[in-house]
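One structure below.
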Amino acid sequence: MNLTNGNVQVLTLNASTTLAFSGATNGAACSLSLYLKQDATGSRVITWPSSVKWPNGVAPTLSTGANKIDLVVLETLDGGTTWFGALAGADYR
148 MNLTNGNVQV LTLNASTTLA FSGATNGAAC SLSLYLKQDA TGSRVITWPS SVKWPNGVAP
208 TLSTGANKID LVVLETLDGG TTWFGALAGA DYR
C-alpha cells in the first residue's frame with residue numbers, strides 16, 4: 148500500500164495477499180484507513196508485515212465471506228518503520 152495514493156484506500160482481495168507499506172514521510176506521523184473488501188469468492192487472507200503491531204500482539208480476525216468489508220486503521224509515528232493497527236469495523240455488508 149503506497150501512502151502517496153492517499154490515507155484512505157480500498158483493497159479488493161481477489162487472492163490471499165501479503166501487504167507491504169511505502170510512501171510514508173520519513174520521520175513523520177501519518178495514518179492509513181484501509182478498507183479490505185473480499186471479492187465475490189471470499190476466503191482471502193491477509194498476511195501483515197512484521198512492522199505492524201496489534202493490541203496484545205494479536206492481529207485481528209478479518210471477515211472472509213464473499214463481498215464482506217473490514218476497516219483497519221494503521222498509524223505510524225516514525226515514517227513507517229513501525230505501524231500500530233486496529234480493527235475499526237468488521238463484516239460490513
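In the numbering used here, the protein residues as written are 148 to 240.
Where is the CB? At the ideal position from N, CA and C, for every residue including glycine.
C-alpha distance - D102 paired with T151, whole-angstrom precision: The chain is shown from 148 up to 240; residue 102 falls before or after that span and cannot be answered.
Residue environment, G232, which counts as buried when at least 16 other CB atoms sit within 10 Å: Here residue 232 is taken as the residue at index 85 of the sequence shown, counted from 1. Buried, because 16 or more other Cβ atoms sit within 10 Å of the Cβ of G232.
Considering only their Cβ atoms, is the gap separating S163 from V192 smaller than 8 Å? The residue you call residue 192 lines up with position 45 of the sequence shown. The residue you call residue 163 lines up with position 16 of the sequence shown. Their beta carbons are under 8 Å apart, which means V192 touches S163 by this criterion.
Which same chain residues end up closer than 7 Å to T229 when comparing Cβ atoms and leaving out the 5 residues on each side of it in sequence? Working through the sequence shown from its first residue, we reach residue 229 at position 82. Closer than 7 Å at the Cβ level, and outside the excluded window around T229, lie S198, K200, T223.
Chain-order list of residues whose beta-carbon lies under 7 Å from that of L160 (same chain, five-residue window excluded): Against the sequence shown, residue 160 aligns to sequence position 13. So the list reads L183, K184, Q185, D186, R191, once near-sequence residues are dropped.
Flag this pair as yes or no: are the beta carbons of G194 and T172 separated by less than 8 Å? Here residue 194 is taken as the residue at index 47 of the sequence shown, counted from 1. Here residue 172 is taken as the residue at index 25 of the sequence shown, counted from 1. Inspection of the sequence shows that residue 194 is occupied by Thr rather than by Gly. Not a contact, by the Cβ cut-off of 8 Å.
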